[in-house]
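Student: Would you mind keeping the following structure in view while I ask a few things?
Protein chains in written order, with the working numbering: chain A, 137 to 280; chain B, 44 to 463.
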């Protein structure tokens with residue numbers, strides 16, 4: 137589909153920008169025998185795309201959005217997100233670490249759920265406020 | 044979104060909005076701006092926000108808020124605007140019927156059945172997901188076959204996983220996002236299967252939802268059998284030819300207990316049909332004029348009820364126009380009816396609104412039938428514009444200015460998307 141895996145001279149790497157829905161096809165040219173030395177980046181349409189190509193080639197990072205358990209909330213889970221992208225290799229580990237977290241409603245948007253997650257220096261925060269459940273707004277109670 | 048005690052329902056309103064998703068809330072704000080006073084938003088859920096509440100991934104709000112937000116953040120921002128404008132919201136409440144005289148039959152968790160008179164109504168019920176019946180997948184009917192959006196609600200709001208090993212049919216964005224979501228929650232995703240030769244979702248989602256997690260994407264392949272008595276046990280998949288006919292001799296089995304369907308959305312128009320509103324057979328939504336009014340006087344529509352949008356930002360923009368016009372209708376200042384009919388021509392699937400007027404600015408949304416590179420968009424013989432590429436999956440926004448129409452005296456304009 138993306139044709140990114142075709143055989144290429146070993147000084148060229150290809151990436152698809154995930155910065156916005158445009159999905160620019162990026163090409164990173166490196167020094168022969170020094171794959172970490174970037175000579176030129178091509179194919180981007182904005183500065184974010186150029187930065188993404190450098191980042192993706194040297195140390196790929198991802199924003200993480202997931203949910204954590206919340207007691208007494210109007211829903212059983214509350215959505216959380218990393219404030220900055222974290223190294224791609226740590227995404228799954230972060231989600232596993234967040235399974236241990238349980239909040240109690242009410243919570244405000246932006247509350248820190250896990251500070252300095254996995255030593256990345258990045259905080260995980262709630263991405264919404266959630267009211268405490270009252271007798272008549274308990275949602276999903278049948279399956280909790 | 045800390046909840047406050049619900050206000051009791053009044054007997055009369057200026058505008059009643061059916062649905063408290065992004066469309067309904069933006070429409071209510073528009074109506075307020077245009078001078079409507081007593082506005083009620085009705086939503087069947089526990090809280091407003093609609094489908095955004097379960098779309099916990101980022102990518103929303105780049106146009107409306109100039110920031111990349113998650114779905115819940117976008118919903119909360121709009122909800123806060125609605126609260127600041129002192130607009131009433133009735134949650135846990137269904138609209139059962141709207142009469143041509145604009146009496147609205149409500150069923151409320153706290154107040155029971157109630158008949159309320161309104162001057163104008165805005166329909167903002169959103170869309171439904173297509174289900175297995177829509178694509179006639181053969182096989183048994185065990186538990187474990189569900190739509191991707193329902194699985195998203197289970198996982199992100201209710202905190203239950205749909206199964207342990209999943210197959211996803213359809214490569215729409217919701218399906219791709221659920222592939223990543225399930226993987227992160229410990230569900231094994233055996234693969235995504237797409238009957239078309241190309242993926243339906245955005246390339247960025249193929250990269251960050253599938254490739255990042257080494258989830259295989261099989262193009263031109265579909266599910267041909269569903270097996271299992273009480274619970275789904277396995278699906279059979281097979282490659283298809285150019286006429287979408289599966290080649291059963293090359294089929295293979297995949298053990299799984301969950302099959303997610305991500306095969307498209309249909310505008311939700313039960314209420315519109317009860318009102319005998321004219322429906323466009325292509326969009327499956329009401330025919331609208333440039334004021335977003337339907338074929339029934341004083342009944343306005345917005346969001347996915349009208350046609351399926353790609354971005355919530357466009358929904359908000361369209362809905363706020365709908366709301367303003369409903370507000371102007373109530374205060375007796377609605378602009379006069381349109382005088383020009385828009386006709387979808389070459390390679391144009393549909394356009395919304397279906398009519399425009401020559402005296403003000405319009406945004407016309409259209410969808411192409413086929414992908415074209417270096418395309419020419421032509422509006423009758425009054426306007427022409429080059430587009431780098433058009434895709435059926437990407438809505439085209441056409442801004443129509445009164446000056447294009449200064450020397451135009453006809454009553455219909457054809458829109459074409461022409462190859463170079």
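The beta-carbon is built from N, C-alpha and C at its ideal position, and this holds for glycine as well. Values in this document were obtained by computation on a predicted structure and should not be read as measured data.
Short of 6 Å in beta carbon distance, which residues of its chain neighbour residue 441(B), apart from the five on each side in sequence? Order them along the chain.
Tutor: Taking the first residue of the second chain as position 1, residue 441(B) is located at position 398. Contacts found: 407.
Student: What does residue 253(A) touch in chain B if you count any residue whose Cβ is under 8 Å from its own?
Tutor: Within the first chain, numbered from 1, the residue matching residue 253(A) stands at position 117. By Cβ distance, chain B contributes nothing, its closest Cβ being about 14 Å from residue 253(A), past 8 Å.
Student: In this structure, how does DSSP classify residue 224(A) when only helix, strand and coil are distinguished?
Tutor: Start at 1 with the first residue of the first chain, and residue 224(A) comes out as number 88. Residue 224(A): helix per DSSP, three-state reduction.
Student: Do residue 162(B) and residue 57(B) come within 8 Å of each other at the CB atom, strictly closer than that value?
Tutor: The residue given as residue 57(B) occupies position 14 in the second chain. The residue given as residue 162(B) occupies position 119 in the second chain. Yes, the pair counts as a contact, with Cβ atoms nearer than the cut-off.
Student: Count the other CB atoms within 10 Å of the CB of residue 211(A); is the residue buried (16 or more) or exposed (fewer)?
Tutor: Position 75 of the first chain, counted from the start, is the residue given in the question as residue 211(A). Residue 211(A) is buried by the Cβ-count criterion.
Student: From the beta carbon of residue 154(A), is the nearest beta carbon of chain B less than 8 Å away?
Tutor: What you label residue 154(A) is simply residue 18 of the first chain in a count that begins at 1. By this cut-off, residue 154(A) is an interface position.
Student: Once the 5 residues before and after residue 238(A) are set aside, which same chain residues still bring their CB inside 8 Å of it?
Tutor: By 1-based counting over the first chain, the position of residue 238(A) is 102. Only 204, 205, 206 and 207 meet the Cβ criterion.
Student: Give a yes or no on whether 8 Å exceeds the smallest Cβ distance from residue 202(B) to chain A.
Tutor: Taking the first residue of the second chain as 1, we reach residue 202(B) at position 159. Chain A, which has a Cβ nearer than 8 Å to the Cβ of residue 202(B), makes this yes.
Student: Listing by chain order, which chain D residues have their CB less than 7 Å from the CB of residue 215(A)?
Tutor: Absent from the structure: chain D. Protein chains present are A and B.
Student: Using a 10 Å radius around the Cβ and a threshold of 16 neighbouring Cβ atoms, would you call residue 288(B) buried or exposed?
Tutor: For the purposes of this step, residue 288(B) is identified with residue 245 of the second chain, where counting begins at 1. Exposed, by the Cβ-count rule.
Student: Between the C-alpha atoms of residue 241(A) and residue 265(A), what's the straight-line distance to the nearest angstrom?
Tutor: Here residue 241(A) refers to the residue found at position 105 of the first chain. Here residue 265(A) refers to the residue found at position 129 of the first chain. When rounded, the distance between both Cα atoms is 9 Å.
Student: Under 7 Å between beta-carbons, which chain A residues line up against residue 125(B)? List them in chain order, please.
Tutor: The sequence position of residue 125(B) within the second chain is 82, counting from 1. Under the 7 Å cutoff, chain A gives no residues; its nearest Cβ is about 15 Å from residue 125(B).
Student: Please classify residue 45(B): is it buried, with 16 or more other beta-carbons within 10 angstroms of its beta-carbon, or exposed?
Tutor: For the purposes of this step, residue 45(B) is taken as residue 2 along the second chain, with counting starting at 1. With a pLDDT of only 40 at residue 45(B), under 50, the local geometry of the prediction cannot be trusted, and the value read off the model is given with reservation. The residue is exposed, with fewer than 16 neighbouring Cβ atoms inside 10 Å.
Student: So residue 163(B) is in the beta strand (DSSP E); what residue range does that whole segment cover?
Tutor: Position 120 of the second chain, counted from the first residue, corresponds to residue 163(B). Segment 155-166, the beta strand (DSSP E) holding residue 163(B).
Student: Taking just the CA atoms, how far does residue 191(A) sit from residue 222(A)?
Tutor: Sequence index remark: in the first chain, residue 222(A) carries index 86 (1-based). Sequence index remark: in the first chain, residue 191(A) carries index 55 (1-based). So the alpha carbons of these two residues sit roughly 11 Å apart.
Student: Name the residue from 327(B), 366(B), 392(B) and 357(B) whose alpha carbon lies nearest to the alpha carbon of residue 341(B).
Tutor: Your numbering for residue 341(B) matches position 298 in the second chain. Considering only alpha carbons, the answer is 366(B).
Student: The beta strand (DSSP E) with residue 172(A) in it runs from where to where?
Tutor: Within the first chain, numbered from 1, the residue matching residue 172(A) stands at position 36. First-last of the beta strand (DSSP E) with residue 172(A): 170-178.
Student: For residue 220(B), which residues from the same chain have a beta carbon less than 7 Å from its beta carbon, with the 5 sequence-adjacent residues on both sides left out?
Tutor: In the second chain, the residue the question calls residue 220(B) occupies position 177. Hits under 7 Å: 100, 248 and 252.
Student: Does the Cβ-Cβ distance between residue 344(B) and residue 324(B) come in under 8 Å?
Tutor: Along the second chain, read from residue 1 onward, the residue named residue 344(B) stands at position 301. Along the second chain, read from residue 1 onward, the residue named residue 324(B) stands at position 281. No, the Cβ-Cβ distance between residue 344(B) and residue 324(B) is not below 8 Å.
Student: Name the two residues that bound the continuous alpha helix (DSSP H) containing residue 70(B).
Tutor: Indexing the second chain from 1 puts residue 70(B) at position 27. Per DSSP, the unbroken alpha helix (DSSP H) holding residue 70(B) starts and ends at 65-76.
Student: State yes or no: is the beta carbon of residue 265(A) nearer than 8 Å to at least one beta carbon in chain B?
Tutor: Position 129 of the first chain, counting from 1, holds the residue named residue 265(A). Yes, contact with chain B.
Student: What does DSSP give as the partner residues of residue 383(B) in its beta bridges?
Tutor: Residue 383(B) sits at position 340 when you count from the first residue of the second chain. BP columns for residue 383(B) point to 399(B).
Student: Any beta-carbon of chain B closer than 8 Å to the one on residue 231(A)?
Tutor: Counting from 1 along the first chain, the entry for residue 231(A) is found at position 95. Yes, contact with chain B.
Student: In the segment 83-134 of chain B, which residue ranges form an unbroken beta strand (DSSP E) of at least 3 residues, counting only runs that do not cross its ends?
Tutor: 101-103 and 131-133
Student: Which class does residue 244(A) belong to by DSSP, given the choice of helix, strand or coil?
Tutor: Mapped onto the first chain, residue 244(A) falls at position 108. Three-state result, residue 244(A): coil.
Student: Is the Cβ of residue 210(A) closer than 8 Å to any Cβ of chain B?
Tutor: Numbered from 1 along the first chain, position 74 holds the residue referred to as residue 210(A). Yes, contact with chain B.
Student: When the Cα of residue 258(B) is compared with those of 243(B), 234(B), 276(B) and 265(B), which residue comes out closest?
Tutor: Along the second chain, one-based indexing puts residue 258(B) at 215. For residue 258(B), the nearest C-alpha among the options comes from 234(B).
Student: In chain A, which residues lie with their C-beta within 8 Å of the C-beta of residue 255(B)?
Tutor: Here residue 255(B) is taken as the residue at index 212 of the second chain, counted from 1. Per Cβ cutoff of 8 Å: 198, 224 and 227.
Student: Would you list, in sequence order, the uninterrupted alpha helix (DSSP H) runs of no fewer than 4 residues that lie entirely inside the segment 264-344 of chain B?
Tutor: Qualifying alpha helix (DSSP H) stretches, in chain order: 313-317.
Student: Do you know how far the Cα of residue 352(B) is from the Cα of residue 283(B)?
Tutor: Position 240 of the second chain, counted from the first residue, corresponds to residue 283(B). Position 309 of the second chain, counted from the first residue, corresponds to residue 352(B). Here the C-alpha atom of residue 283(B) lies approximately 29 Å from the C-alpha atom of residue 352(B).
Student: Examine chain B for any beta-carbon lying closer than 8 Å to the beta-carbon of residue 203(A), and answer yes or no.
Tutor: Position 67 of the first chain, counting from 1, holds the residue named residue 203(A). Chain B, which has a Cβ nearer than 8 Å to the Cβ of residue 203(A), makes this yes.
Student: At 3 residues or longer, and completely inside the segment 390-444 of chain B: list those beta strand (DSSP E) runs for me, N to C.
Tutor: 391-395, 405-411, 415-422, 426-433 and 439-443
Student: Just to confirm my understanding: we take residue 216(B), look at its own chain, exclude 5 residues before and 5 after, and list those with CB closer than 7 Å. What are they?
Tutor: Locating residue 216(B) in the second chain gives position 173, where the first residue counts as 1. Once the five neighbours on either side are set aside, the close Cβ partners of residue 216(B) are 244, 245 and 248.
Student: Since residue 455(B) is in the alpha helix (DSSP H), which residue starts that stretch and which ends it?
Tutor: By 1-based counting over the second chain, the position of residue 455(B) is 412. Counting along the chain, residue 455(B) falls outside any alpha helix (DSSP H), though it belongs to the beta strand (DSSP E) covering 455-461.
Student: Terminal residues of the continuous beta strand (DSSP E) containing residue 56(B)?
Tutor: Taking the second chain and counting its residues from 1, one reaches residue 56(B) at position 13. First-last of the beta strand (DSSP E) with residue 56(B): 55-61.
Student: Could you check whether the Cβ of residue 245(A) sits closer than 8 Å to any Cβ belonging to chain B?
Tutor: If you number the first chain from 1, residue 245(A) lands on position 109. Output row for residue 245(A): interface = yes.
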